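Enquirer:
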Amino acid sequence: MKIAIIDDEPLAISSLRRMIENIPATAIVGSARSAASAMHLCEARQPDLVLLDIEMPQMDGMTLARELKQAGNPLVIFITAYDRFAIDAFDVEAIDYVLKPVDPDRLRGAIERARSRLSLRPLMQAVESAALRLHSAAPHPPETPEQPVYWANVGGRTIRIPIADIRHVEACRDYAFIHTGRDRHMVRETMARLETAFEGTALQRIHRSHIVNLDRIQAVSRDTGLRLVTLDSGEEIPVGRRFYGRLVDAIDIAASS
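Spelled out as structure tokens, the structure:
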């Protein structure tokens with residue numbers, strides 16, 4: 001596995017080099033101390049994995065991780081002294097988030113996870129290519145309106161959930177629970193990211209911790225200042241003050257359509 005180290009601190013680079021030298025089947029292809037140097041390094045050496053600091057001059061590590069998708073799309077493990085960026089790390093599909101001072105065993109575990117993910121890439125590419133060929137060769141039935149779906153990563157699988165089946169979504173720290181009529185699926189997603197994924201559907205954010213399906217709302221009420229929606233299941237979900245006006249507008253649009 002080819003690894004690049006990107007950190008603006010020379011001592012941090014030296015420390016990571018020493019740790020990686022003790023991990024079998026790894027090779028350090030270079031290091032960089034700035035975003036520009038990192039882009040040049042990744043374009044030239046095409047590493048499989050990048051160990052990336054977050055707090056750097058000129059361009060932070062999160063932004064750089066997005067840019068690296070255009071430079072060979074290496075896997076990313078963040079190495080940082082700050083834990084407040086952990087949720088953002090999942091937004092850029094990082095393999096892991098390792099805090100400084102780096103524990104060698106912790107780093108080894110993260111790199112092995114990256115190795116496992118890397119080994120699956122050819123298989124996933126072959127599956128996607130085969131699916132594309134089958135789709136091109138198959139006779140296409142008359143087009144019918146497609147029902148929107150959400151593809152959720154649940155327990156190591158990606159499952160298909162029709163939007164119409166989702167009753168509501170609730171946040172739980174770094175995770176979210178998607179409630180359907182029969183099941184509850186736990187996904188590692190932020191509410192902001194889910195809100196973006198559901199844009200243009202009947203799923204509407206009504207609280208910092210709740211998204212509901214407008215088609216499942218039976219009533220909107222206020223009780224001593226507390227705003228609530230009642231779903232067709234009988235569940236009552238709180239409505240945040242800053243989301244209330246948007247909810248009323250959405251219901252008006254739905255009622256008139």
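Numbering-wise, the sequence shown is residues 1 to 257 according to full-length UniProt numbering.
Even for Gly, the Cβ is constructed at its ideal location relative to N, Cα and C.
All values derive from a computational prediction rather than experimental measurement.
Looking only at its chain, what residues have a beta carbon closer than 6 Å to the beta carbon of residue 206, apart from the 5 residues adjacent to it on each side?
Expert: These residues qualify, in order along the chain: 212, 239, 243 and 247.
Enquirer: The alpha helix (DSSP H) that contains residue 90, what's its start and end?
Expert: Here the alpha helix (DSSP H) through residue 90 covers 86-91.
Enquirer: With distances taken from CA atoms, which of 9, 10 and 41 is nearest residue 3?
Expert: Nearest of 9, 10 and 41 to residue 3, Cα basis: 41.
Enquirer: Can you round the beta-carbon distance between residue 107 and residue 19 to whole angstroms, since I take them to be within the 8 Å contact cut?
Expert: So it is a contact: roughly 5 Å between Cβ atoms.
Enquirer: Hey, residue 111 and residue 23 are a contact pair by Cβ (cut 8 Å); roughly how many whole angstroms apart?
Expert: So it is a contact: roughly 6 Å between Cβ atoms.
Enquirer: Determine the DSSP secondary structure at residue 59, reduced to helix, strand or coil.
Expert: Coil at residue 59, not helix or strand.
Enquirer: Is the segment 115-132 touching the segment 30-45 in the sense that three or more CB pairs, one from each, lie closer than 8 Å?
Expert: Taking 8 Å as the limit for Cβ pairs, the verdict is that the segment 115-132 does not touch the segment 30-45.
Enquirer: Between the Cα of residue 61 and the Cα atoms of 46, 47 and 36, which residue gives the shortest distance?
Expert: Per the Cα distances, 36.
Enquirer: Would you mind sorting residue 49 into buried or exposed? The rule is 16 or more other CB atoms within 10 Å of its CB.
Expert: It is buried - the Cβ of residue 49 has at least 16 other Cβ atoms within 10 Å.
Enquirer: Which residue's Cα is closest to the Cα of residue 252: 233, 217, 208 and 237?
Expert: Ranking 233, 217, 208 and 237 by Cα distance to residue 252 puts 217 first.
Enquirer: Is DSSP giving residue 19 helix, strand or coil here?
Expert: Helix at residue 19.
Enquirer: Give the secondary structure of residue 198 by DSSP, where H, G and I count as helix, E and B as strand, and everything else as coil.
Expert: In the structure shown, residue 198 sits in coil (DSSP, three-state: anything other than H, G, I, E or B).
Enquirer: Residue range of the alpha helix (DSSP H) that residue 43 falls in?
Expert: Here the alpha helix (DSSP H) through residue 43 covers 35-45.
Enquirer: Using a Cβ-Cβ cut-off of 8 Å (strictly less than) and excluding sequence neighbours within five positions of residue 10, which residues of its own chain qualify?
Expert: Closer than 8 Å at the Cβ level, and outside the excluded window around residue 10, lie 33.
Enquirer: Determine contact between the segment 159-168 and the segment 225-238, defined as no fewer than three beta-carbon pairs at a distance below 8 Å.
Expert: In short, these stretches touch, since the Cβ pair count reaches three.
Enquirer: Indicate whether residue 8 and residue 57 have their beta-carbon atoms separated by less than 8 Å.
Expert: Yes. Within cutoff.
Enquirer: Is it the case that the Cβ atoms of residue 53 and residue 79 are separated by a distance below 8 Å?
Expert: Contact flag set, yes.
Enquirer: Examine chain B for any beta-carbon lying closer than 8 Å to the beta-carbon of residue 107, and answer yes or no.
Expert: The question asks about chain B, but that chain is absent: this structure has only one protein chain.
Enquirer: Whole angstroms is fine: what's the gap from residue 264's alpha carbon to residue 74's?
Expert: Residue 264 lies beyond the stretch modelled for the chain, which goes from 1 to 257, so this question has no answer here.
Enquirer: Between the alpha carbons of residue 88 and residue 214, how many angstroms are there, rounded?
Expert: Cα-Cα distance, rounded: 28 Å.
Enquirer: Going by DSSP in three states, residue 113 sits in which element: helix, strand or coil?
Expert: Helix at residue 113.
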